[in-house]
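These notes concern the structure reproduced below.
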Amino acid sequence: MMQERTQLYIGGRWLAPHGAGRIAVDCPIDGSVLATIPEGDARDAAAAVAAARAAFADWAATPVVERAAMLKQVQEALKLRGDEIARTLSCEMGAPLAFAQRVQVGSPAATFSMYAKLLAGFPFEETVGNSRVLREPVGVVAAITPWNYPLHQIAAKVAAALAAGCTVVLKPSEVAPLNAFLLAEIIDEIANERGLPPGIFNLVTGYGPVVGEALATHPDVDMVSFTGSTRAGRRVAELAAATVKRVALELGGKSAGIVLDDADFGVAVPAVVANCYANAGQTCTAQTRLLVPAARYEEAARLAVAAAEAFRVGDPLAAGTTLGPLASRMQQQRVRECIGQGLAEGAELLTGGAELPADVPAGGFYVAPTVFGRVAPESTIAQEEIFGPVLAIVAYDDEDDAVRIANGTPYGLAGGVWSASDERAERVARRLRTGQVEINGGPFNLYAPFGGYKQSGNGRELGRYGLEEFLEYKALQFRPAAKN
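Residue numbers (my numbering): 44 to 527.
Next up, the structure:
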């Protein structure tokens, strides 16, 4: 049954938007209309900013222990509503249900909990010589978030900003916005129960060129935290520069999984394929380039094809599905065009391709798990972010060549190195110009800094590093005590 969301959350109340426009949210499973949401405009954005500004002083002055308690309650509520939220996410952006429960809901809940814990020992004040250094909230934050890990990216920004004492206006992606409404319901209930200042969190849905740009240019927004494409990130930075507001950008990636010649290929190659295909390849950190020694290319290609063909494509709500649809028809079309580009540039199609997979729901936004072999490092599919289940196998001559190829894109978000020796893998990882590197499949760590080099953005999210992004530094200079 189609949902209708008719109100925005501004100043602690659910309010009708200024305009009458509606945005349809498509279900990627079969292409049907899942819901409609308000098409907010610049007036709605301005109202939300005004509410956030009005709430800022009181929230910034709220004791740290109270802010932590509020974040902990959000985490508990996310867990209680976890099944509902996971199913919503599967239906609006296509993640297989088990993945949605474990990652798309589990990670945001853990993020709110993490910031509640970090606040207990975080040094908001310290003494440096004759100065007392204060860490104070930056102010009103505009959080503009994407559709691939929608609630995770919201939590990474909102939890950290609220922990710092900032107030927030959230503009989620119009492709997958329903989870944001569920979070707003949770925060509204907790804020009313605890008597928190109305306006600490606000939700305005709409299109990026309208609501997003209104937030980026608003003089009362002190910071924009944006996650999305590099192209859109450039636009946000340009607009924000007019008021010299702080900008944090988490953008695209074209990460390499380097398998060194001494690695266990039977473990490493399938692991890189799994990393590439997680969330149907819609992961900015996905290792979409598999770098293997030229002398062992045939072995690596065989293992990669077997791993790819083991994925089960289909309805994300069905048991056993391991690869769901892409989040939108536009993204599906883009990925299929990229596959065509790979073929046109001479890459060898080993499995998959642009044709629709068999036995998937009609009308859905599916793409077959695809592997290209003998990919030239300078080719389009080895340089540009595809954001779909497409792996490019690139052969290298030696370790130096592998590092050169891995670093040879405009991006620098993530990567991986596999070797029989952690020490050797670490030596290679230290040479990569990228924000995070998995050593022999080391797992993701919410407490570690997340962000990239080069055109993958600037600033860091998660852990204490993410908290610090939302803080200003103030130094109070005291006269030294007189000497006897």
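C-beta: ideal position from N, C-alpha, C; glycine also.
- Residue ranges of uninterrupted alpha helix (DSSP H) with 4 or more members, entirely inside the stretch 429-484 and ordered along the chain, are 442-449 and 465-472.
- By the neighbour-count definition (other C-beta atoms within 10 Å, threshold 16), LYS526 is an exposed residue.
- The DSSP-derived three-state label of GLU421 is coil.
- Counting the other CB atoms within 10 Å of its CB gives PRO193 a total of 16 or more, which places it among the buried residues.
- Annotation note: the stretch 52-132 contains the following uninterrupted beta strand (DSSP E) runs of length 3 or greater, listed N- to C-terminal: 56-58, 65-69 and 76-81.
- Per DSSP, the unbroken alpha helix (DSSP H) holding MET157 starts and ends at 149-164.
- Counting other Cβ atoms within 10 Å of its Cβ, ARG277 stays below 16 and is therefore classed as exposed.
- DSSP, read as helix, strand or coil, puts THR260 in helix.
- Distance from the Cα of GLY395 is smallest, within the candidate group ALA361, ALA350, ALA438 and VAL437, for ALA350.
- For ALA387, the closest of VAL348, LEU366, PHE415 and GLN520 by C-alpha to C-alpha distance is PHE415.
- By alpha-carbon distance to ALA90, the top candidate from ARG124, GLY242 and PRO151 is GLY242.
- Collapsing the DSSP output to three states places PHE269 in a strand.
- According to the DSSP assignment, VAL171 belongs to the beta strand (DSSP E) that extends over 168-171.
- Look at the beta carbons and you see the stretch 158-171 not touching the stretch 236-256: under three pairs across the two are nearer than 8 Å.
- Distances from the alpha-carbon of LEU392 to those of PRO523, VAL348, LEU519 and ALA468 put VAL348 closest.
- For LYS200, the uninterrupted alpha helix (DSSP H) segment begins and ends at 193-207.
- When C-alpha distances from VAL433 are compared across LEU489, GLN374 and ARG476, the shortest belongs to GLN374.
- Excluding its 5 nearest sequence neighbours in each direction, LEU114 has C-beta neighbours in its own chain below 8 Å: PHE155, SER156, TYR158, ALA159, LEU162, ALA202, LEU205 and ALA206, listed in chain order.
- If you look at GLN384, you'll find it in the alpha helix (DSSP H) that goes 372-387.
- Contact between LEU221 and ALA78 holds: CB atoms are separated by about 6 Å, below the 8 Å threshold.
- Taken through DSSP and simplified to helix, strand or coil, ALA323 comes out as helix.
- Non-local C-beta neighbours of ALA435 in its own chain, meaning closer than 6 Å and more than five positions away in sequence, comprise ARG332, PHE415, VAL418, ILE424 and ALA425, ordered along the chain.
- In the same chain as ALA85, and ignoring 5 residues on each side of it, the C-beta atoms closer than 6 Å to its own belong to ALA257, in chain order.
- The distance from the Cβ of VAL212 to that of VAL183 is about 7 Å, consistent with a contact at the 8 Å cut-off.
- A Cβ-Cβ contact shorter than 8 Å links PHE430 with VAL378.
- Shown here for ALA153: same chain residues with a beta carbon closer than 8 Å to its own, the five before and five after excluded, namely GLN118 and LEU489 in chain order.
- Beta-bridge partners assigned by DSSP to GLU515: GLU179.
- Here DSSP, grouped into helix, strand and coil, assigns PHE408 to coil.
- By the Cβ criterion, the stretch 234-248 is in contact with the stretch 53-61, since at least three pairs of Cβ atoms, one from each stretch, lie closer than 8 Å.
- Straight across, the Cα-Cα distance linking CYS209 with VAL460 is about 38 Å.
- The DSSP-derived three-state label of ASN222 is helix.
- Note that the C-beta distance between LEU294 and GLN498 is below 8 Å.
- Distance between LEU510 and ARG355, taken at the CA atoms: about 39 Å.
- Annotation: LEU346 is outside any beta strand (DSSP E); the continuous alpha helix (DSSP H) that includes it extends over 340-352.
- Cα atoms of LEU225 and ASP263: separation of roughly 27 Å, rounded to the nearest angstrom.
- In the DSSP secondary-structure assignment, THR394 is bridged to VAL414.
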